[in-house]
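Under my numbering, the sequence shown has 65 at position 62, and the numbering climbs by one with no breaks. Don't be surprised by glycine CBs; every beta carbon is placed ideally from N, CA and C. Report on one structure; see the data block that follows.
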Amino acid sequence: MLGCCAECIVLINQISTERENEKRIVYVSEISINISKLLTYVRVANELHQLGKENAYFFLSEKILDILNQTENWKKFLQKR
């Protein structure tokens with residue numbers, strides 16, 4: 004799980020330094036893929052009762068879905084430029 008998060012931080016840094024929109028769109032797509040993987044990991048952890056609190060899954064999945072929506076909006080914004 005930590006690898007997905009770390010890779011997303013690296014990709015966000017690459018987006019901020021990149022000037023070509025096409026490459027930025029690719030980076031945002033990679034972030035979406037990593038966040039989707041993270042959501043899958045959280046689902047598996049929940050099924051294995053590894054999250055501790057009962058509401059942890061709902062809290063985490065809500066935040067992850069918010070990030071996914073943000074990346075999709077970011078991608079749409081970049082495609083319009």
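query, result
"Burial state of C8, where buried means 16 or more other Cβ atoms lie within 10 Å", "exposed"
"Exposure of R27, with buried meaning 16 or more beta-carbon neighbours within 10 Å", "buried"
"Burial state of I34, where buried means 16 or more other Cβ atoms lie within 10 Å", "buried"
"Residues near V45 by beta carbon distance below 8 Å, same chain, minus five either side", "M4, L54, Y60, L63, S64 and I67"
"Short Cβ contact (9 Å threshold) for L14 with N37", "yes"
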